[in-house]
Amino acid sequence: MKKNILVIYYSQTGQLEDIVKNIASPFEAQKEKYDVTYYNIKLKEDFPFPWPSDVFFNTFPESYLQIPKEILPPSEEILNKKYDLILFGYQVWYLTPSIPIISFLKSDYAKPILKGTPVVTISGTRNMWMLSQEKLKVYLRDLQAKLVGNIALVDRHDNYTSVLTILRWLTTGQKEKSGMLPAAGVSNEEITGSVKYGEIIERHFNNNDLNSLQPDLVKNGAIEIRAFLVRVEKVGNKIFTVWSNLIIKKKEKRPLLIKFFKVYLMAAIWIISPVVLVLHLLTTPIFWFKRQKQKRYLQGINLK
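This note's numbering numbers the first residue of the sequence shown as 4 and each following residue consecutively.
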């Protein structure tokens, strides 16, 4: 009897769609064993791509505060079928799972689909996904899904180069290399190579051995933890909490506050972030063991 595999994702640029389809390809290649279904989450009113700059920054408070929008219903086929494994692809917006993903997770459709089902989460991001994954773990737990694996593909360029390339990509649609700037996003080589993670997942799934899946994924490079970026994320979450609540509460001043937030965010990236890096490097000997413990936790799938 065939096993049912569901691939859930939302992708504006097509990058995450390419990633999840590559990871799903080992299941697709064995049609006698697996029936693979794709569920591309659709909002009733979708976001534009490329993003106009004002729209991109105006999305911040609702994104960070995880305020959902209305989604179009999944097909009857998806709603009426029980799945044996779910590959769950998501983007990170403002240190949080994207609004379309949050909208699905907060919809009435999520629990019937996810409840009791093994889930492998898959993200394609600039570089800061760690605490967003922690937020996603809470949703999956509350929906009674079984998180069995996590894969995080990132832009391997330095933090500042990737800021420039991602802004170029999001606001102009240009991912390709131009001038002194490299191509944006996850490299084509890593996207193509992500099929290896699908092979690992399929092997463990076929052997009914999902409990040891995550260590195998980590051993094969599915998770990279940069301690400095974890620190930046922690600081960023505190600051974003203040800004997002302020903007939401002061509705009449929202346009002005969004402009201030934009200026602040750029200053934080280019001025505050280097200071955090220096402090991080200076304290490395002091917090070495604590950071190694933190790394092991973030590479895993358990929730504190």
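Positions of the beta carbon are idealized from the N, C-alpha and C atoms, including for glycine. None of these values were measured; they are calculated from a predicted model.
Straight-line gap, residue i to residue j (C-alpha atoms, nearest Å)
| i | j | result |
| --- | --- | --- |
| PHE107 | GLN69 | 11 Å |
| VAL23 | LEU90 | 8 Å |
| SER14 | ASN43 | 8 Å |
| VAL58 | MET133 | 25 Å |
| PRO121 | ILE105 | 19 Å |
| ASN209 | PRO71 | 36 Å |
| LYS265 | PHE60 | 7 Å |
| ILE8 | GLU20 | 16 Å |
| GLN33 | ILE226 | 27 Å |
| LYS5 | PRO55 | 45 Å |
| LYS296 | HIS160 | 25 Å |
| GLY119 | ILE304 | 16 Å |
| TYR112 | THR99 | 21 Å |
| LYS180 | GLU192 | 15 Å |
| LYS199 | ILE26 | 7 Å |
| GLY239 | GLN177 | 27 Å |
| VAL123 | LEU306 | 15 Å |
| ASP38 | ALA148 | 20 Å |
| ILE81 | ILE125 | 20 Å |
| SER28 | ASN223 | 18 Å |
| THR174 | THR286 | 37 Å |
Three-state class that DSSP yields for residue i in the structure shown
| i | result |
| --- | --- |
| ASP219 | helix |
| TYR42 | strand |
| ILE11 | strand |
| PRO100 | strand |
| ALA311 | Residue 311 lies beyond the range of the chain shown here (4 to 307); nothing can be said about it. |
| LYS85 | coil |
| LYS118 | coil |
| ILE226 | coil |
| ILE275 | helix |
| ILE357 | As shown, the chain starts at 4 and ends at 307. That puts residue 357 outside it, with no answer to give. |
| LEU285 | helix |
| PHE63 | helix |
| LYS178 | coil |
| TRP54 | coil |
| LEU306 | coil |
| GLU48 | coil |
| SER78 | coil |
| GLY201 | helix |
Residue interval of the alpha helix (DSSP H) (run including residue i)
| i | result |
| --- | --- |
| VAL238 | 230-252 |
| ASP145 | 133-145 |
| ASN210 | From DSSP, ASN210 is part of no alpha helix (DSSP H); its letter is neither H nor E. |
| MET269 | 257-270 |
| LYS72 | Taken as a continuous stretch (DSSP letters only), LYS72 belongs to no alpha helix (DSSP H), as it is neither H nor E. |
| LYS24 | 18-31 |
| GLU2 | Since the first and last residues shown for the chain are 4 and 307, residue 2 lies out of range. |
Among the options, nearest to residue i - alpha-carbon criterion
| i | options | result |
| --- | --- | --- |
| THR164 | ARG129, ASN191, LEU173 | ARG129 |
| LYS114 | SER126, LEU139, GLU137, LEU143 | LEU143 |
| GLY92 | ASN214, GLU179, LEU167, GLN136 | GLN136 |
| LYS262 | PHE63, LEU88, GLY239, PHE30 | PHE63 |
| THR195 | ASN211, ARG234, GLY127 | GLY127 |
| LEU184 | SER190, THR174, THR168, ARG206 | THR168 |
| SER247 | GLN18, GLU205, GLU65 | GLU65 |
| LYS47 | LEU75, LYS36, GLU35 | LEU75 |
| LEU213 | VAL151, PRO77, LEU82 | VAL151 |
| VAL281 | MET131, HIS207, LEU259, ALA230 | ALA230 |
| TYR67 | GLY182, PHE243, ASP219 | PHE243 |
| LEU156 | GLU31, GLU35, GLN18 | GLN18 |
| ASN211 | LEU88, GLU79, PHE50 | LEU88 |
Unbroken beta strand (DSSP E) run spanning residue i, endpoints
| i | result |
| --- | --- |
| GLY182 | Taken as a continuous stretch (DSSP letters only), GLY182 belongs to no beta strand (DSSP E), as it is neither H nor E. |
| ILE154 | 149-157 |
| ILE125 | 121-128 |
| GLY92 | 88-93 |
DSSP bridge partner residues for residue i (one or two, in chain order)
| i | result |
| --- | --- |
| LEU301 | Bridge partners of LEU301: none, in fact. |
| LYS6 | TYR37 |
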